[in-house]
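Have a look at the structure below, then the notes.
In our numbering, the protein residues as written are 30 to 565.
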(Lines of atoms letter the chains of each structure in order from A and count residues from 1; the text may use other names and numbers.)
(Lines give C-alpha, C1' and ligand atoms only; values in the text may rest on other atoms or scores of the structure.)
Protein backbone atom coordinates (compact mmCIF):
# COMPACT_ATOMS: atom_id res chain seq x y z
CA UNK A 1 0.00 0.00 0.00
CA UNK A 2 1.32 3.44 -0.92
CA UNK A 3 1.46 6.28 1.56
CA UNK A 4 -1.19 8.06 -0.52
CA UNK A 5 -3.46 5.05 -0.07
CA UNK A 6 -3.10 5.21 3.71
CA UNK A 7 -3.96 8.91 3.73
CA UNK A 8 -6.97 8.38 1.45
CA UNK A 9 -8.32 5.37 3.38
CA UNK A 10 -8.00 7.22 6.68
CA UNK A 11 -10.00 10.12 5.28
CA UNK A 12 -12.62 7.66 3.99
CA UNK A 13 -12.76 5.99 7.41
CA UNK A 14 -13.81 9.33 8.87
CA UNK A 15 -16.85 9.41 6.59
CA UNK A 16 -15.65 11.62 3.74
CA UNK A 17 -16.98 10.54 0.34
CA UNK A 18 -16.26 13.58 -1.80
CA UNK A 19 -13.23 15.75 -2.52
CA UNK A 20 -13.10 19.02 -4.46
CA UNK A 21 -10.32 20.92 -6.17
CA UNK A 22 -8.02 21.20 -9.16
CA UNK A 23 -5.26 18.67 -9.90
CA UNK A 24 -1.59 19.45 -10.18
CA UNK A 25 1.43 17.29 -10.78
CA UNK A 26 2.17 17.08 -7.06
CA UNK A 27 -1.23 15.57 -6.13
CA UNK A 28 -2.10 13.22 -9.00
CA UNK A 29 -1.20 10.12 -6.97
CA UNK A 30 -3.26 11.37 -4.04
CA UNK A 31 -6.29 12.02 -6.24
CA UNK A 32 -6.05 8.50 -7.65
CA UNK A 33 -5.79 7.09 -4.12
CA UNK A 34 -8.83 9.07 -2.96
CA UNK A 35 -10.93 7.74 -5.83
CA UNK A 36 -9.80 4.17 -5.10
CA UNK A 37 -10.71 4.64 -1.42
CA UNK A 38 -14.26 5.76 -2.30
CA UNK A 39 -13.68 9.50 -1.98
CA UNK A 40 -14.70 10.81 -5.40
CA UNK A 41 -12.82 13.82 -6.75
CA UNK A 42 -14.78 16.64 -8.40
CA UNK A 43 -12.91 19.04 -10.68
CA UNK A 44 -13.84 22.65 -9.96
CA UNK A 45 -12.80 25.79 -11.80
CA UNK A 46 -10.88 27.42 -8.98
CA UNK A 47 -9.70 26.41 -5.53
CA UNK A 48 -11.48 28.94 -3.32
CA UNK A 49 -14.83 27.85 -4.74
CA UNK A 50 -13.77 24.22 -4.25
CA UNK A 51 -13.20 24.88 -0.53
CA UNK A 52 -16.69 26.37 -0.22
CA UNK A 53 -18.22 23.45 -2.16
CA UNK A 54 -16.51 21.15 0.33
CA UNK A 55 -18.05 23.23 3.14
CA UNK A 56 -21.53 22.82 1.68
CA UNK A 57 -21.02 19.07 1.32
CA UNK A 58 -19.66 18.82 4.87
CA UNK A 59 -22.60 20.73 6.33
CA UNK A 60 -25.13 18.60 4.44
CA UNK A 61 -23.52 15.30 5.49
CA UNK A 62 -21.94 16.18 8.87
CA UNK A 63 -18.66 14.70 7.61
CA UNK A 64 -15.26 16.29 6.98
CA UNK A 65 -14.93 18.41 3.86
CA UNK A 66 -11.97 17.63 1.60
CA UNK A 67 -10.10 20.15 -0.55
CA UNK A 68 -7.23 19.07 -2.83
CA UNK A 69 -4.82 21.67 -4.19
CA UNK A 70 -1.44 21.64 -5.82
CA UNK A 71 1.36 23.58 -4.21
CA UNK A 72 2.02 27.31 -4.61
CA UNK A 73 -0.64 29.09 -6.68
CA UNK A 74 -3.20 26.34 -6.17
CA UNK A 75 -3.11 26.58 -2.39
CA UNK A 76 -2.73 30.36 -2.45
CA UNK A 77 -5.89 30.67 -4.55
CA UNK A 78 -7.78 28.64 -1.93
CA UNK A 79 -7.01 31.05 0.92
CA UNK A 80 -10.41 32.78 0.89
CA UNK A 81 -12.26 29.46 0.99
CA UNK A 82 -10.03 28.20 3.81
CA UNK A 83 -10.56 31.42 5.75
CA UNK A 84 -14.31 30.95 5.28
CA UNK A 85 -14.04 27.41 6.70
CA UNK A 86 -12.12 28.79 9.67
CA UNK A 87 -14.75 31.36 10.63
CA UNK A 88 -17.69 29.13 9.67
CA UNK A 89 -16.26 26.27 11.77
CA UNK A 90 -16.16 23.76 8.93
CA UNK A 91 -14.00 20.64 9.46
CA UNK A 92 -12.13 21.11 6.19
CA UNK A 93 -9.18 18.86 5.35
CA UNK A 94 -6.85 20.76 3.03
CA UNK A 95 -4.67 18.28 1.13
CA UNK A 96 -1.83 20.15 -0.54
CA UNK A 97 1.20 19.15 -2.50
CA UNK A 98 4.69 20.11 -1.34
CA UNK A 99 8.11 19.76 -2.96
CA UNK A 100 9.98 16.53 -2.22
CA UNK A 101 12.29 16.87 0.74
CA UNK A 102 15.38 15.98 -1.27
CA UNK A 103 15.24 19.15 -3.37
CA UNK A 104 13.42 21.42 -0.94
CA UNK A 105 16.55 23.28 0.11
CA UNK A 106 17.59 24.10 -3.48
CA UNK A 107 14.41 24.39 -5.52
CA UNK A 108 12.47 27.69 -5.60
CA UNK A 109 9.98 27.49 -8.49
CA UNK A 110 6.41 28.05 -7.14
CA UNK A 111 7.71 27.64 -3.61
CA UNK A 112 6.24 29.66 -0.74
CA UNK A 113 6.03 28.83 2.94
CA UNK A 114 2.56 27.31 2.87
CA UNK A 115 2.39 26.84 6.61
CA UNK A 116 3.19 30.48 7.30
CA UNK A 117 0.58 31.52 4.73
CA UNK A 118 -2.16 29.51 6.44
CA UNK A 119 -0.99 29.73 10.06
CA UNK A 120 -3.75 32.09 11.14
CA UNK A 121 -6.46 30.16 9.29
CA UNK A 122 -5.95 26.47 10.12
CA UNK A 123 -6.03 24.65 13.44
CA UNK A 124 -2.89 22.70 12.62
CA UNK A 125 -0.37 21.85 9.91
CA UNK A 126 0.88 18.33 9.25
CA UNK A 127 3.24 16.74 6.77
CA UNK A 128 2.73 13.05 6.09
CA UNK A 129 5.74 10.72 5.87
CA UNK A 130 5.88 7.00 5.13
CA UNK A 131 6.06 6.12 8.80
CA UNK A 132 2.85 6.74 10.73
CA UNK A 133 0.91 8.13 7.76
CA UNK A 134 -2.43 6.86 9.06
CA UNK A 135 -1.83 8.12 12.58
CA UNK A 136 -0.80 11.59 11.41
CA UNK A 137 -3.79 11.86 9.07
CA UNK A 138 -6.14 10.70 11.82
CA UNK A 139 -4.64 13.24 14.23
CA UNK A 140 -5.33 16.01 11.72
CA UNK A 141 -8.92 14.84 11.25
CA UNK A 142 -9.52 14.65 15.00
CA UNK A 143 -8.28 18.22 15.32
CA UNK A 144 -10.55 19.39 12.48
CA UNK A 145 -13.56 17.75 14.15
CA UNK A 146 -12.80 18.97 17.68
CA UNK A 147 -14.75 21.97 18.99
CA UNK A 148 -14.68 24.49 17.50
CA UNK A 149 -14.42 22.68 14.19
CA UNK A 150 -12.15 24.12 11.54
CA UNK A 151 -9.67 23.51 8.72
CA UNK A 152 -6.37 21.65 8.92
CA UNK A 153 -3.53 21.48 6.42
CA UNK A 154 -2.02 18.12 5.39
CA UNK A 155 1.00 18.33 3.09
CA UNK A 156 2.12 15.33 1.06
CA UNK A 157 5.14 15.33 -1.24
CA UNK A 158 4.67 13.45 -4.54
CA UNK A 159 7.66 11.18 -3.87
CA UNK A 160 6.34 10.30 -0.42
CA UNK A 161 2.87 9.63 -1.83
CA UNK A 162 4.35 6.91 -4.05
CA UNK A 163 6.40 5.26 -1.32
CA UNK A 164 5.35 1.97 0.15
CA UNK A 165 3.74 2.55 3.51
CA UNK A 166 5.23 1.03 6.64
CA UNK A 167 4.79 -2.68 7.17
CA UNK A 168 1.21 -3.64 8.09
CA UNK A 169 -0.17 -0.15 7.50
CA UNK A 170 -3.05 0.75 9.71
CA UNK A 171 -5.21 3.50 8.23
CA UNK A 172 -6.55 5.64 11.04
CA UNK A 173 -10.00 4.67 12.29
CA UNK A 174 -12.07 7.22 14.21
CA UNK A 175 -13.08 6.39 17.78
CA UNK A 176 -16.71 5.80 18.63
CA UNK A 177 -17.93 9.21 19.66
CA UNK A 178 -20.02 9.58 22.81
CA UNK A 179 -21.36 13.06 23.41
CA UNK A 180 -20.66 14.67 26.78
CA UNK A 181 -23.15 14.01 29.54
CA UNK A 182 -25.54 16.67 30.75
CA UNK A 183 -24.53 18.85 33.71
CA UNK A 184 -24.94 17.55 37.22
CA UNK A 185 -28.46 17.25 38.54
CA UNK A 186 -27.80 20.08 41.01
CA UNK A 187 -26.90 22.43 38.16
CA UNK A 188 -29.99 21.44 36.17
CA UNK A 189 -32.19 22.03 39.24
CA UNK A 190 -30.62 25.45 39.81
CA UNK A 191 -31.27 26.52 36.21
CA UNK A 192 -34.83 25.18 36.42
CA UNK A 193 -35.32 27.38 39.48
CA UNK A 194 -33.96 30.36 37.53
CA UNK A 195 -36.40 29.60 34.72
CA UNK A 196 -39.31 29.29 37.11
CA UNK A 197 -38.49 32.64 38.66
CA UNK A 198 -37.67 34.53 35.48
CA UNK A 199 -40.08 37.26 34.49
CA UNK A 200 -38.48 38.01 31.13
CA UNK A 201 -36.63 34.90 29.84
CA UNK A 202 -35.01 34.85 26.40
CA UNK A 203 -33.36 32.11 24.35
CA UNK A 204 -30.76 32.80 21.65
CA UNK A 205 -29.82 29.82 19.46
CA UNK A 206 -26.75 29.64 17.25
CA UNK A 207 -25.35 27.46 14.51
CA UNK A 208 -24.06 24.74 16.82
CA UNK A 209 -27.62 24.13 18.01
CA UNK A 210 -28.67 23.67 14.39
CA UNK A 211 -25.70 21.48 13.45
CA UNK A 212 -25.87 19.36 16.62
CA UNK A 213 -29.51 18.38 16.06
CA UNK A 214 -30.86 20.36 19.01
CA UNK A 215 -33.92 21.79 17.21
CA UNK A 216 -36.45 19.58 18.99
CA UNK A 217 -34.92 20.39 22.36
CA UNK A 218 -34.96 24.12 21.62
CA UNK A 219 -38.67 23.88 20.75
CA UNK A 220 -39.44 21.87 23.91
CA UNK A 221 -37.65 24.32 26.19
CA UNK A 222 -39.16 27.42 24.59
CA UNK A 223 -42.72 26.11 24.72
CA UNK A 224 -42.36 24.63 28.22
CA UNK A 225 -41.23 27.94 29.71
CA UNK A 226 -42.85 30.40 27.27
CA UNK A 227 -39.49 31.75 26.13
CA UNK A 228 -39.22 33.91 23.01
CA UNK A 229 -36.44 32.76 20.67
CA UNK A 230 -33.93 34.70 18.58
CA UNK A 231 -31.51 32.88 16.28
CA UNK A 232 -28.41 33.85 14.38
CA UNK A 233 -28.72 33.99 10.61
CA UNK A 234 -27.04 30.64 10.14
CA UNK A 235 -29.23 29.02 12.78
CA UNK A 236 -32.49 30.03 11.11
CA UNK A 237 -34.95 27.16 11.26
CA UNK A 238 -33.58 25.66 14.47
CA UNK A 239 -36.77 27.14 15.94
CA UNK A 240 -39.80 27.23 13.59
CA UNK A 241 -40.15 30.85 12.54
CA UNK A 242 -43.92 30.71 12.16
CA UNK A 243 -44.21 29.86 15.87
CA UNK A 244 -45.64 32.72 17.98
CA UNK A 245 -42.54 32.67 20.20
CA UNK A 246 -40.18 33.15 17.24
CA UNK A 247 -38.51 36.54 16.88
CA UNK A 248 -36.54 35.56 13.80
CA UNK A 249 -32.85 36.11 13.15
CA UNK A 250 -30.48 38.86 14.16
CA UNK A 251 -26.96 40.08 13.69
CA UNK A 252 -26.57 42.03 10.44
CA UNK A 253 -29.71 44.09 9.92
CA UNK A 254 -29.59 47.42 11.74
CA UNK A 255 -33.34 47.68 11.20
CA UNK A 256 -34.01 44.33 12.91
CA UNK A 257 -31.39 44.82 15.61
CA UNK A 258 -32.99 48.13 16.54
CA UNK A 259 -36.09 46.12 17.42
CA UNK A 260 -34.45 43.03 18.95
CA UNK A 261 -31.63 44.48 21.05
CA UNK A 262 -34.06 46.27 23.42
CA UNK A 263 -35.69 42.87 24.02
CA UNK A 264 -32.28 41.41 24.87
CA UNK A 265 -31.49 44.23 27.27
CA UNK A 266 -34.85 43.83 28.99
CA UNK A 267 -34.36 40.09 29.59
CA UNK A 268 -33.63 39.03 33.15
CA UNK A 269 -32.56 35.52 32.05
CA UNK A 270 -30.85 34.68 28.76
CA UNK A 271 -30.14 31.10 27.71
CA UNK A 272 -27.61 30.83 24.90
CA UNK A 273 -27.76 27.52 23.00
CA UNK A 274 -24.78 26.92 20.73
CA UNK A 275 -24.50 30.68 20.21
CA UNK A 276 -21.16 31.91 18.86
CA UNK A 277 -21.07 35.72 18.47
CA UNK A 278 -18.70 35.41 15.50
CA UNK A 279 -21.82 35.89 13.37
CA UNK A 280 -22.73 39.19 15.02
CA UNK A 281 -21.72 42.80 14.45
CA UNK A 282 -20.45 45.34 17.04
CA UNK A 283 -24.00 46.25 18.04
CA UNK A 284 -24.14 42.91 19.81
CA UNK A 285 -21.34 43.82 22.21
CA UNK A 286 -22.79 43.40 25.72
CA UNK A 287 -26.40 42.93 24.57
CA UNK A 288 -27.66 41.95 28.04
CA UNK A 289 -28.33 44.01 31.15
CA UNK A 290 -25.55 43.76 33.72
CA UNK A 291 -27.99 42.21 36.22
CA UNK A 292 -29.30 39.59 33.79
CA UNK A 293 -28.52 35.95 34.42
CA UNK A 294 -26.79 34.58 31.28
CA UNK A 295 -26.45 30.81 30.86
CA UNK A 296 -24.18 29.77 27.98
CA UNK A 297 -24.63 26.17 26.79
CA UNK A 298 -22.25 24.90 24.08
CA UNK A 299 -20.18 21.85 23.17
CA UNK A 300 -17.04 23.83 24.06
CA UNK A 301 -15.77 27.35 24.62
CA UNK A 302 -16.06 30.13 22.05
CA UNK A 303 -13.18 32.56 21.68
CA UNK A 304 -14.75 36.02 21.98
CA UNK A 305 -15.15 38.99 24.26
CA UNK A 306 -18.60 40.03 23.10
CA UNK A 307 -20.39 39.41 26.38
CA UNK A 308 -19.93 37.77 29.75
CA UNK A 309 -21.91 34.85 31.14
CA UNK A 310 -23.10 33.93 34.61
CA UNK A 311 -22.70 30.21 33.93
CA UNK A 312 -20.89 28.46 31.07
CA UNK A 313 -21.86 24.84 30.48
CA UNK A 314 -19.82 22.70 28.11
CA UNK A 315 -22.06 19.75 27.32
CA UNK A 316 -24.35 18.27 24.71
CA UNK A 317 -26.77 21.06 23.78
CA UNK A 318 -29.82 18.91 23.03
CA UNK A 319 -29.40 16.72 26.10
CA UNK A 320 -28.91 19.72 28.39
CA UNK A 321 -31.96 21.58 27.08
CA UNK A 322 -34.06 18.41 27.34
CA UNK A 323 -32.91 17.87 30.92
CA UNK A 324 -34.09 21.38 31.79
CA UNK A 325 -37.58 20.50 30.59
CA UNK A 326 -37.82 17.03 32.14
CA UNK A 327 -39.39 17.18 35.57
CA UNK A 328 -39.71 20.96 35.59
CA UNK A 329 -42.76 22.64 37.04
CA UNK A 330 -45.04 24.42 34.56
CA UNK A 331 -43.88 27.97 33.99
CA UNK A 332 -46.01 31.04 34.42
CA UNK A 333 -46.32 33.25 31.34
CA UNK A 334 -43.44 35.70 31.21
CA UNK A 335 -43.04 39.13 29.68
CA UNK A 336 -46.20 40.63 31.15
CA UNK A 337 -45.22 43.83 29.35
CA UNK A 338 -45.79 42.05 26.03
CA UNK A 339 -42.55 43.37 24.54
CA UNK A 340 -41.67 40.23 22.49
CA UNK A 341 -45.09 40.21 20.81
CA UNK A 342 -44.71 43.91 20.07
CA UNK A 343 -41.25 43.28 18.61
CA UNK A 344 -42.61 40.47 16.44
CA UNK A 345 -45.29 42.78 15.04
CA UNK A 346 -42.73 45.54 14.47
CA UNK A 347 -40.48 43.14 12.54
CA UNK A 348 -43.36 42.08 10.30
CA UNK A 349 -44.14 45.72 9.56
CA UNK A 350 -40.50 46.68 9.01
CA UNK A 351 -39.93 43.94 6.44
CA UNK A 352 -43.36 43.96 4.78
CA UNK A 353 -43.36 44.00 0.99
CA UNK A 354 -43.57 47.68 -0.04
CA UNK A 355 -44.30 47.35 -3.76
CA UNK A 356 -45.44 44.80 -6.35
CA UNK A 357 -41.90 44.08 -7.63
CA UNK A 358 -38.49 44.27 -6.02
CA UNK A 359 -36.34 42.13 -3.72
CA UNK A 360 -39.14 41.77 -1.17
CA UNK A 361 -41.45 40.35 -3.84
CA UNK A 362 -38.70 38.00 -5.03
CA UNK A 363 -38.42 36.48 -1.56
CA UNK A 364 -42.20 36.27 -1.21
CA UNK A 365 -42.27 34.23 -4.42
CA UNK A 366 -39.46 31.96 -3.25
CA UNK A 367 -41.25 31.24 0.01
CA UNK A 368 -44.51 30.57 -1.82
CA UNK A 369 -43.09 28.30 -4.53
CA UNK A 370 -40.26 26.32 -2.95
CA UNK A 371 -41.15 22.97 -1.39
CA UNK A 372 -40.68 22.56 2.35
CA UNK A 373 -37.64 20.30 1.94
CA UNK A 374 -35.74 22.82 -0.21
CA UNK A 375 -32.37 24.20 0.84
CA UNK A 376 -31.49 27.81 0.04
CA UNK A 377 -27.98 29.21 -0.03
CA UNK A 378 -27.50 32.96 -0.13
CA UNK A 379 -24.55 35.15 -0.98
CA UNK A 380 -23.31 38.16 0.96
CA UNK A 381 -24.83 41.53 0.17
CA UNK A 382 -27.94 43.59 0.79
CA UNK A 383 -30.13 40.79 -0.58
CA UNK A 384 -28.80 38.37 2.08
CA UNK A 385 -29.77 40.69 4.92
CA UNK A 386 -33.28 41.13 3.55
CA UNK A 387 -33.77 37.45 2.71
CA UNK A 388 -32.55 36.37 6.15
CA UNK A 389 -35.03 38.69 7.85
CA UNK A 390 -37.99 38.29 5.53
CA UNK A 391 -38.08 34.60 4.63
CA UNK A 392 -39.26 32.16 7.29
CA UNK A 393 -37.65 28.76 7.83
CA UNK A 394 -38.93 25.91 9.96
CA UNK A 395 -36.07 23.41 9.56
CA UNK A 396 -32.45 23.78 10.66
CA UNK A 397 -29.79 23.91 7.95
CA UNK A 398 -32.36 24.83 5.30
CA UNK A 399 -30.69 28.24 4.82
CA UNK A 400 -26.91 28.19 4.40
CA UNK A 401 -24.62 31.18 4.08
CA UNK A 402 -21.22 32.54 4.98
CA UNK A 403 -22.29 34.20 8.20
CA UNK A 404 -19.11 34.53 10.24
CA UNK A 405 -16.80 35.42 7.34
CA UNK A 406 -19.47 36.98 5.09
CA UNK A 407 -17.51 36.32 1.91
CA UNK A 408 -18.97 37.03 -1.51
CA UNK A 409 -19.21 34.33 -4.13
CA UNK A 410 -20.18 31.59 -1.65
CA UNK A 411 -23.80 30.81 -2.53
CA UNK A 412 -23.32 28.85 -5.76
CA UNK A 413 -20.46 26.62 -4.53
CA UNK A 414 -22.31 26.03 -1.26
CA UNK A 415 -25.35 24.98 -3.29
CA UNK A 416 -23.23 22.67 -5.45
CA UNK A 417 -21.85 20.92 -2.37
CA UNK A 418 -25.32 20.46 -0.88
CA UNK A 419 -26.81 19.19 -4.15
CA UNK A 420 -24.00 16.69 -4.57
CA UNK A 421 -24.65 15.39 -1.06
CA UNK A 422 -28.46 15.41 -1.36
CA UNK A 423 -29.39 14.84 -5.03
CA UNK A 424 -33.14 14.62 -4.37
CA UNK A 425 -33.28 17.90 -2.42
CA UNK A 426 -34.27 21.05 -4.33
CA UNK A 427 -31.38 23.49 -3.89
CA UNK A 428 -31.60 27.18 -4.75
CA UNK A 429 -28.73 29.69 -4.65
CA UNK A 430 -29.68 33.34 -4.25
CA UNK A 431 -26.97 35.74 -5.42
CA UNK A 432 -26.38 39.30 -6.46
CA UNK A 433 -24.90 40.09 -9.85
CA UNK A 434 -21.54 41.02 -8.29
CA UNK A 435 -21.30 37.73 -6.42
CA UNK A 436 -22.22 35.63 -9.45
CA UNK A 437 -19.64 37.36 -11.63
CA UNK A 438 -16.98 36.41 -9.09
CA UNK A 439 -17.51 32.73 -9.78
CA UNK A 440 -18.99 32.26 -13.24
CA UNK A 441 -16.77 29.21 -13.64
CA UNK A 442 -18.98 27.48 -11.06
CA UNK A 443 -21.65 27.22 -13.77
CA UNK A 444 -19.35 24.94 -15.75
CA UNK A 445 -18.83 22.81 -12.64
CA UNK A 446 -22.61 22.49 -12.21
CA UNK A 447 -22.87 21.40 -15.85
CA UNK A 448 -20.06 18.84 -15.71
CA UNK A 449 -21.26 17.40 -12.40
CA UNK A 450 -24.89 17.23 -13.60
CA UNK A 451 -26.18 19.29 -10.67
CA UNK A 452 -29.58 20.92 -11.43
CA UNK A 453 -29.18 23.78 -8.97
CA UNK A 454 -31.49 26.78 -9.41
CA UNK A 455 -29.69 30.15 -9.24
CA UNK A 456 -31.77 33.26 -8.59
CA UNK A 457 -29.84 36.44 -9.42
CA UNK A 458 -30.99 39.78 -8.07
CA UNK A 459 -29.53 42.06 -10.70
CA UNK A 460 -29.40 45.66 -9.55
CA UNK A 461 -26.18 46.52 -11.44
CA UNK A 462 -24.52 47.54 -8.20
CA UNK A 463 -22.74 46.38 -5.07
CA UNK A 464 -25.92 47.55 -3.38
CA UNK A 465 -24.86 47.18 0.24
CA UNK A 466 -21.68 49.20 -0.27
CA UNK A 467 -23.59 51.79 -2.31
CA UNK A 468 -26.04 52.07 0.59
CA UNK A 469 -23.18 52.61 3.06
CA UNK A 470 -21.69 55.30 0.82
CA UNK A 471 -25.02 57.11 0.71
CA UNK A 472 -25.43 56.82 4.49
CA UNK A 473 -22.00 58.41 4.92
CA UNK A 474 -22.90 61.19 2.44
CA UNK A 475 -20.09 60.04 0.17
CA UNK A 476 -20.14 59.97 -3.62
CA UNK A 477 -20.60 56.59 -5.27
CA UNK A 478 -17.28 55.02 -6.15
CA UNK A 479 -16.44 51.55 -7.37
CA UNK A 480 -19.89 50.06 -6.90
CA UNK A 481 -21.64 50.19 -10.26
CA UNK A 482 -21.71 47.07 -12.46
CA UNK A 483 -22.53 46.48 -16.12
CA UNK A 484 -25.66 44.58 -17.06
CA UNK A 485 -24.43 41.07 -17.83
CA UNK A 486 -27.01 38.88 -19.57
CA UNK A 487 -26.69 36.00 -17.13
CA UNK A 488 -29.51 34.03 -18.75
CA UNK A 489 -27.47 33.90 -21.96
CA UNK A 490 -24.31 32.97 -20.04
CA UNK A 491 -26.25 30.11 -18.44
CA UNK A 492 -27.34 28.76 -21.82
CA UNK A 493 -23.81 29.07 -23.18
CA UNK A 494 -22.61 26.96 -20.24
CA UNK A 495 -25.20 24.23 -20.84
CA UNK A 496 -27.93 25.38 -18.46
CA UNK A 497 -31.27 27.12 -18.79
CA UNK A 498 -31.73 30.87 -18.47
CA UNK A 499 -34.71 33.09 -17.68
CA UNK A 500 -35.29 36.78 -16.95
CA UNK A 501 -38.10 37.96 -14.67
CA UNK A 502 -39.50 41.40 -14.04
CA UNK A 503 -42.64 40.42 -12.16
CA UNK A 504 -43.81 37.96 -9.53
CA UNK A 505 -45.78 36.01 -12.14
CA UNK A 506 -42.73 35.64 -14.41
CA UNK A 507 -40.52 34.60 -11.48
CA UNK A 508 -43.06 32.07 -10.25
CA UNK A 509 -43.34 30.51 -13.70
CA UNK A 510 -39.56 30.34 -14.10
CA UNK A 511 -39.10 28.81 -10.64
CA UNK A 512 -41.68 26.10 -11.29
CA UNK A 513 -39.99 25.20 -14.57
CA UNK A 514 -36.46 25.32 -13.15
CA UNK A 515 -37.28 23.09 -10.18
CA UNK A 516 -38.10 20.22 -12.53
CA UNK A 517 -35.22 20.80 -14.96
CA UNK A 518 -32.46 18.24 -15.51
CA UNK A 519 -29.77 20.94 -15.75
CA UNK A 520 -28.91 24.01 -13.73
CA UNK A 521 -31.01 27.13 -14.26
CA UNK A 522 -30.30 30.83 -13.84
CA UNK A 523 -33.24 33.17 -13.21
CA UNK A 524 -32.35 36.86 -13.44
CA UNK A 525 -34.57 39.24 -11.47
CA UNK A 526 -34.31 42.89 -12.53
CA UNK A 527 -34.46 45.11 -9.44
CA UNK A 528 -33.13 48.50 -8.32
CA UNK A 529 -30.37 49.00 -5.76
CA UNK A 530 -32.44 51.74 -4.17
CA UNK A 531 -35.09 49.19 -3.20
CA UNK A 532 -33.00 48.33 -0.10
CA UNK A 533 -32.66 51.89 1.20
CA UNK A 534 -34.19 52.17 4.68
CA UNK A 535 -35.41 48.56 4.50
CA UNK A 536 -32.51 46.50 5.87
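No residue lacks a Cβ here, since even glycine has one placed at the ideal position from N, Cα and C. If you're wondering where the values come from, they're calculated on a predicted model, not measured in any experiment.
Residue i versus residue j - alpha carbon distance
i, j, result
"residue 175", "residue 181", "11 angstroms"
"residue 268", "residue 204", "32 angstroms"
"residue 112", "residue 280", "20 angstroms"
"residue 319", "residue 361", "24 angstroms"
"residue 340", "residue 451", "39 angstroms"
"residue 530", "residue 487", "10 angstroms"
"residue 200", "residue 30", "10 angstroms"
"residue 76", "residue 468", "11 angstroms"
"residue 133", "residue 59", "20 angstroms"
"residue 190", "residue 53", "14 angstroms"
"residue 424", "residue 447", "15 angstroms"
"residue 460", "residue 355", "43 angstroms"
"residue 169", "residue 278", "34 angstroms"
"residue 552", "residue 512", "17 angstroms"
"residue 218", "residue 275", "26 angstroms"
Simplified DSSP assignment, three categories, for residue i
i, result
"residue 377", "helix"
"residue 469", "coil"
"residue 50", "strand"
"residue 568", "Absent from the model: residue 568. The displayed extent of the chain is 30 to 565, so no value can be given."
"residue 17", "The structure shown does not extend to residue 17, since the chain spans only 30 to 565, so no value can be given for it."
"residue 488", "strand"
"residue 418", "helix"
"residue 331", "coil"
"residue 155", "strand"
"residue 568", "Here the chain covers residues 30 to 565 and nothing more, so residue 568 does not appear."
"residue 55", "coil"
"residue 43", "coil"
"residue 550", "strand"
"residue 454", "coil"
"residue 231", "strand"
"residue 446", "helix"
"residue 163", "helix"
"residue 70", "strand"
"residue 278", "strand"
"residue 111", "helix"
"residue 401", "coil"
Same chain, Cβ closer than 6 angstroms to residue i, five either side skipped, listed in chain order
i, result
"residue 464", "408, 437, 438"
"residue 418", "282, 285, 380"
"residue 193", "none"
"residue 569", "No statement about residue 569 is possible, as the shown extent of the chain runs from 30 to 565 and does not include it."
"residue 186", "127, 129"
"residue 154", "144, 182"
"residue 296", "229, 231, 321"
"residue 66", "37, 38, 41"
Whole-number beta carbon distance between residue j and residue i, since they are thought to touch under 8 angstroms
i, j, result
"residue 472", "residue 523", "4 angstroms"
"residue 89", "residue 263", "Actually they are not in contact, since the Cβ atoms of residue 89 and residue 263 sit about 14 angstroms apart, beyond 8 angstroms."
"residue 265", "residue 428", "5 angstroms"
"residue 83", "residue 62", "Rounded, the Cβ-Cβ distance is 18 angstroms, inconsistent with contact."
"residue 44", "residue 93", "7 angstroms"
"residue 550", "residue 520", "7 angstroms"
"residue 516", "residue 525", "Rounded, the Cβ-Cβ distance is 10 angstroms, inconsistent with contact."
Closest Cα partner of residue i within the set the options
i, options, result
"residue 102", "294, 96, 425, 139", "139"
"residue 310", "391, 360, 79, 414", "414"
"residue 557", "496, 38, 303", "496"
"residue 70", "485, 324, 474", "474"
"residue 79", "122, 58, 63, 65", "122"
"residue 273", "261, 288, 289, 256", "256"
"residue 211", "563, 410, 348", "348"
"residue 388", "373, 399, 412, 402", "412"
"residue 322", "336, 478, 328", "336"
"residue 237", "200, 167, 328", "328"
"residue 541", "153, 423, 395", "395"
"residue 91", "67, 118, 98, 504", "118"
"residue 202", "314, 40, 195, 160", "40"
"residue 246", "345, 277, 373, 516", "345"
"residue 353", "461, 179, 324", "324"
"residue 478", "34, 32, 47", "47"
"residue 430", "86, 68, 50, 350", "86"
"residue 298", "99, 287, 308, 258", "258"
"residue 223", "565, 393, 358", "358"
Chain-order list of residues whose beta-carbon lies under 8 angstroms from that of residue i (same chain, five-residue window excluded)
i, result
"residue 458", "405, 406, 407, 408, 440, 441, 443, 444, 482, 483, 484, 485"
"residue 314", "335, 336"
"residue 151", "111, 115, 123, 179, 180, 181, 182"
"residue 342", "212, 216, 324, 325, 326, 327, 349"
"residue 434", "112, 113, 115, 116, 117"
Cβ shell of residue i (< 7 angstroms), same chain only, five flanking positions each side left out
i, result
"residue 242", "347"
"residue 220", "324, 353"
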